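Mapping to my numbering: the sequence shown position 670 is 670, numbers consecutive. By construction, the Cβ of each residue, glycine as well, lies at the ideal position given by its N, Cα and C atoms. The structure presented is a predicted model; accordingly, all values stated were derived computationally and were not measured. A quick write-up on the structure given underneath.
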Amino acid sequence: MNFGYDENGNREDVSQSESGSSTSREYGSDQGGRSVNDGSSNNSLASGRDDAYSSSDNDGDSVHHGRRKENEESTSESSGDFSDDVELVIGEVANQPIDEPLVDRRDILSTAKSRMDPARGKFLLEDRRVHPLLTEGGKREKISSRDFLDLLRGAPSRQRTAAVVGHLHHGKTSLLSLLLGGRAYRQREDEIERGISLKSSVVTEVVAGAHYHQTSHLVTFVDTPGHPDFAAETAAALRLVDAALFCVDAAESLTANGARLLRQVVLQESIPIVLVITKIDRLIMDLKLPPLDAYRKIRMTVDAVNNEISSFGSVCSPFLVSPLNGTVCFTSSKLSCFFTLETFALKYSSKYPSVDPITLSQQLWGQVTLKGSKFTRITNFRERPTFVTLVLEPLYKVVAHSLNGKGYKVLSGKLNPLPRGPIAAAREAVEFFFGDPAAEGIDALLNVLPTTENRSAWLQTRYRLQVEGESAVAVAPVLRSQNQGEENFAITRVSHGVLRRGSKVVVVDEHSSDAEPFYTFTVENMFLKMVDGLVDVDSACAGQVVLLSGFGERAGSHLVMVSGTAADPLLWEDNNASVPTNGASTAWINNVQVLPLKCGNPFVHVGLELQDPSKAAQLQRSLQVLIRTTPGLDAHKEETGEYTITGYGELHLDTALHELRCGLCKGVKLALSQPFVSFSETVLEKDGVLALTSSNWAQIGFTSGSIPSQLTESIEYERIDLFPSDGGESVVKLWTSLRQYDMDALDARNIVAAGPHMTKGPSLLINDTLEDEQEESAALTEKQLQAITAGFRSAVAAGPLTGDVVRGAALRLVFAHVEPGARDAAVVAGARAAAKQALLGAHPRLLEPLLAVDIMCPPDSVEKVAEVLQMRRGSILSEEPIAATTFVCVRGMVPAIDSFGLETQLRVATLGEALPLFAFNGWDIVPGDPFDTTIHIGPLQPARGYQLARDFTLKTRFRKGLPPLLAEFQV
C-alpha cells in the first residue's frame, strides 16, 4: 500500500505524482529515483534559470518589469474567456502584511453590525505561525496568552466538556495524556502508588485539531475512576460534562462493570457517548491476530456496546454508536496513534486529491470490499472488508517493519536508525505516518462532541431550576480540598447565565429542609484547572467548568447555586433588607431539588475510635471535610462515642482512611475495627396478624405482609412512579404495573407513602381503613395521617431485629382512631409501636447484601477460584471465554460479609492470575431463625449454616448497644 513514499523511502510530492508518468518518459530516471538530464530541453531550462539569476543580479528592475509584462499578457489572453464586466487580476502570494487582518471591520455586513455593539466589537485573528492578534475599533494589537484564554472562554461554540469513562485499566488516563500531547497532569500520590485513578480529576486546556478544527478550542476533560468502589465519583463527574468518551479495551471487550457504567451514562444521565476502542496494539503485538480476525474482534466490541444500549429501550436509540458517523474511535497509547474512519481516509485524500475523505470513510466499515477501483458488497467469505485492506493492513505493515528493525530502510529514511527499543521504533513509525495523535484525536472528537446547550437544559429540567431574568445557575456535585483541608473548592458547572467572582449566590444542598431551605455565600475566587495549574478567572459562562472557593463550612457536598435577579429577593430577605424585587419571583426555591447521584447505597462499614480525647474537635472537622470531598462516603457517631464510616467497598474505605490518617488528621492516634456490612430486615408471611396499640389519645392497628422482590426493586430504583402528579394515563399505568405483583386497583389508589425514603423506600404504607367499619370514629384528618406516616417510616427505618432498614414489607392501616386534641408526638409513637408489633407478627428475617464477582483469569485457574468462593459461601454462576484471547470471564456470587480479604486470597491461590472486582447485586435471606434460643456457639468457633442468623443478630445488637437478648421480641 502506498502512503506517499516510493520503494526507496523518499517522499513523493502530490503534484509530481499526478504528472509522474510524463516526467519519467520525458527526462527518464536513474536507479536512485533522481531526474536525469537528457537532451537540450533540460539544458535550456537550466540555462534559462542561470540567465534569470544573472539578470536579477545586474538589474532587478528589469525582472519586475518582465513579470508585470508577463502578467499583463496572461491577463489579456485569459480575458477573452469571460465577459466584458469581469475583471481578471493575477496576484502574488503573501503580499499582505502578517499583522493586517484579512477581515476589516469596515467590511462587516449591516446585519452583523445590527447584532453587535460597535463599542465592543472584537475580532480574533488566529494563526499557528504568528502571535494572536486582536482587532478592536480598527486598531490592531498583540494579545497575551491570558487575554487569548479570556476571549476563548467567551465563545460558547469553541467550548466542549467530556468525561473519560470506562472499566478499570482500559486506558482512560493514558488516553487523556495522549489527547493533551503527552503533558501529564498532576495526579495524587496515592494514585501513582496504586497505579489506578481514585478521584475524578478535571483538566481544561486550549487545543486544536489537525485538519477540520485548526482553530483553538477550550476543552474540559474529566478523568473518572474505573473501579466499581468509586461509582459515586463517576456519577458526580457525569453531572459536569456534555458527552462521555467510553473506553473499551480492544482485547478484553465490554465487561460487566463496563456495562454498568454504560447504563449509568446513557440511561440514567442521558449523556451521548463516543466509543473509544483503546489498546489496539494488543491485537497486533499481544494476541498476534491476523488483520481479518482483528477486524472481527473490533466489530464484536462495537456490537456488544450497541446491544447493551439497545437493551435499555427505544428511548436510548439516539445513543447508538457507529464508525460511519465518527462516534467510534481507535487509539493506542503505546503506539501513539488516534484515528477514526474519516481521519484515516484523509491519509488517502492527501495522496490522491480526487478522493473525497467523507465519501471514502463511508466505505471503510461493514460488509464492503474493494474490487479493482469499485466498492461492492461482500458475497463470499474469501473477500476481505475494506477496513482490513485499507486500514488494518497498512497499520500492521508499519508496526511489523518497525518492530523487526527495518523501519529506517523500508518505511522512511527519516526514522531513527537506532531506536531505543522495538516499542519505541513502532511508536516513532506510527506517529510519523499517522501524524500528531493529540491533534488527530482532538480533530476527530470535535467533529462529534455536542455543544453545551442540550446538557444545560437537561440539568435545569432535572434540578427544576426555572429562573427568570438575568440570572446565573450552577451545579457543583464534587468538592475537593487541599493543604490538609484548609482550602476547599467546589467543582462547578455553569448551566445558565454568567457566574462572576464576587457575586453573592443562593445555595441549596442535599441537607436543605423547610426550616432552612437555603443559605448564601460570596464567590471569593474562581479558577480554571489547567495542566500547568490553577488559572484565576473573573467569570464563567454557561457550559464552563470552574473551581469556586468561599462556600463556608456547611456540610453539603452537592450544591445548586443561583445568582442574579432570581436570587436578589432571597438575598435581601436573608439580610433583613426591604428592597424592591423588580418583579423577580422566588417561586423557584420551592420547586428546586438536588438530584441525587444514582449509584446505590453504601453498605460496608468500619469503626473509628479516637485514642486522644483532646483531638476530638480536629477529628470531627476532618471527618466533615472528608465526607464533603468524597462522594458516597458517610459517617455518623454512635452512642458509644466511636464513629462509623460507610463506603462502597474495601478500597473505597482504605483510600478515605489513608487520606484521613496521613493528611487531615496526621499525627492523631486512631483505632480501627474490622470491616462489617449493613443488614436489612424483611418478613416472611404474606398476611400477618393484627397489631393494636391503645392509649388515651389514639388507637391504631396495623397488619404486615411481604411484597415481591421485583416490586421492591422497581420502587427502590424508581422504575414505578407511586405518586403520579398528573392523572389519567399515569394512574392507569401505575395500576397496570402493580397488577403484575398481585396488587389490585384499590391498593394502588390507597398507597399513602413509601418508607423509610419518601419516594423510593423499599416498604409501603397502605390505608385500608373504611369509614363504615370504624365505630363512632371520625375520619382521619390530613395532619393525623401525616403523623401516622411518620410513625410508619420510623418503624421501617429501624426494624425490630437489628435496627436496620425493613425491606419488602407492606404495612396496612386497618384501624385508626385519634382524639381531636391528640398531640402529633403521641400519634407518631403509637403508630411506630403498632408497626413494629405488626412486623414481629409476620415472622421477620435478616437480609444480607450479596456481591457479584467478576474475575478474568486463565482457564486453568477456574477450579482454584471455585474452591475459594465455596469456602466463603459463594459460587460460580457462569464461565464465558473472551473471544480471541486465552482468558475466561468468571462471574459468581458471594455474601458481602464474607468478601473481606477475598481479593488477596484469590491472588495468592492463583499466583496473581485472577483479579476479582465486586459490585452490589441484591439482598438474600440469612439462613436460620434469629429467634432460635437453642443455638449456642462456643468461643472462637465460627457460625455455620442455620446458626448464622442468630449469630449476626446478637453481634449486631451488641455492637449498636441494644439489649443482647431478644426475649422482649420473641412471639
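{"Check": "Might you give, ordered along the chain, the residues of its own chain that have their beta carbon closer than 8 Å to the beta carbon of G961, omitting 5 neighbours on each side?", "Outcome": "E638, E639, T640"}
{"Check": "Taking Cβ positions, are I273 and V266 nearer each other than 8 Å?", "Outcome": "yes"}
{"Check": "Quick check on the DSSP output: the alpha helix (DSSP H) that includes E342 runs from which residue to which?", "Outcome": "341–351"}
{"Check": "Let me know if H605 comes out buried or exposed under the rule of 16 or more other beta-carbons within 10 Å of its beta-carbon.", "Outcome": "buried"}
{"Check": "Excluding sequence positions up to five away, which residues of its chain have a Cβ less than 6 Å from the Cβ of L692?", "Outcome": "G701"}
{"Check": "Could you check how far apart the C-beta atoms of L592 and L499 are, in whole angstroms? I think they sit under 8 Å.", "Outcome": "Contrary to the premise, residue 592 reads as Val rather than Leu in this sequence. Going by Cβ atoms, the distance from V592 to L499 rounds to 17 Å, so no, they are not a contact pair."}
{"Check": "Tell me the DSSP secondary structure of A426 in three-state form.", "Outcome": "helix"}
{"Check": "Would you mind giving the Cβ-Cβ distance between L711 and Y741, rounded to the nearest angstrom? I have them listed as a contact below 8 Å.", "Outcome": "4 Å"}
{"Check": "Suppose the cutoff is 6 Å on Cβ atoms and the five residues either side in sequence are ignored; what does the same chain contact list for N525 look like?", "Outcome": "S549"}
{"Check": "Just to confirm, are P916 and F603 a CB contact at a threshold of 8 Å?", "Outcome": "no"}
{"Check": "Can you list the alpha helix (DSSP H) stretches of 4 or more residues lying completely in the segment 205–266, in chain order?", "Outcome": "231–238, 256–263"}
{"Check": "Check the C-beta distance from V248 over to V305 and give it rounded, since I have them as a contact under 8 Å.", "Outcome": "7 Å"}
{"Check": "Do the segment 835–847 and the segment 916–927 make contact, defined as three or more Cβ pairs closer than 8 Å?", "Outcome": "yes"}
{"Check": "Bridge partners for E879 per DSSP, in chain order?", "Outcome": "V890"}
{"Check": "Is it buried or exposed for S79, if we count other Cβ within 10 angstroms and need 16 for buried?", "Outcome": "Low confidence applies here, because S79 scores a pLDDT of 47, under 50, leaving its location unreliable; read the following figure in that light. Exposed, because fewer than 16 other Cβ atoms sit within 10 Å of the Cβ of S79."}
{"Check": "Rounded to the nearest angstrom, what separates L179 and K334 at their Cα positions?", "Outcome": "13 Å"}
{"Check": "Within 10 Å of its beta-carbon, does L940 have 16 or more other beta-carbons around it, so buried, or fewer, so exposed?", "Outcome": "exposed"}
{"Check": "Do V806 and E681 have their beta-carbon atoms positioned less than 8 Å apart in this structure?", "Outcome": "yes"}
{"Check": "Short check: CB of L813 to CB of D768, under 8 Å?", "Outcome": "yes"}
{"Check": "Kindly list the residues whose CB is nearer than 8 Å to the CB of S174, restricted to its own chain and excluding five residues on each side of it in sequence; keep chain order.", "Outcome": "T278, S333"}
{"Check": "Is there contact here, the segment 788–808 with the segment 664–675, by at least three beta-carbon pairs under 8 Å?", "Outcome": "no"}
{"Check": "Name the one or two DSSP bridge partners that H605 has.", "Outcome": "T646, F676"}
{"Check": "Can you round the beta-carbon distance between T644 and A656 to whole angstroms, since I take them to be within the 8 Å contact cut?", "Outcome": "Wrong, their Cβ atoms sit about 13 Å apart, outside the cutoff."}
{"Check": "Out of curiosity, what's the CA-to-CA distance linking F931 and R950?", "Outcome": "7 Å"}
{"Check": "Any contact of the segment 158–169 with the segment 208–227, i.e. 3+ C-beta pairs under 8 Å?", "Outcome": "yes"}
{"Check": "If you count every other CB in all the chains shown that lies within 10 Å of the CB of K529, and 16 or more means buried, which is it?", "Outcome": "buried"}
{"Check": "Quick one: grab the DSSP three-state call for F988.", "Outcome": "Outside the modelled stretch of the chain, which goes from 1 to 971, sits residue 988, for which no answer is possible."}
{"Check": "Measure the C-alpha to C-alpha separation of S899 and A566 and round it to an integer number of angstroms.", "Outcome": "51 Å"}
{"Check": "Using the Cα positions of G48 and N416, report the straight-line distance between them to the nearest angstrom.", "Outcome": "In this predicted model, G48 has a pLDDT of only 38, less than 50, meaning its place in the structure is not dependable enough to derive any value."}
{"Check": "Work out the CA separation of G649 and I192 for me, nearest whole Å.", "Outcome": "20 Å"}
{"Check": "DSSP state of F387, grouped into three classes?", "Outcome": "helix"}
{"Check": "Distance, Cα to Cα, A243 vs E393?", "Outcome": "32 Å"}
{"Check": "Which same chain residues, not among the five before or five after L479, have their C-beta less than 6 Å away from its C-beta?", "Outcome": "A490, S557, R628, T629"}
{"Check": "Do F920 and L869 count as a contact pair if the criterion is CB distance below 8 Å?", "Outcome": "no"}
{"Check": "Residues bridged to I855 by DSSP?", "Outcome": "V890, P916"}
{"Check": "By how many angstroms is the C-alpha of T646 removed from the C-alpha of L626?", "Outcome": "12 Å"}
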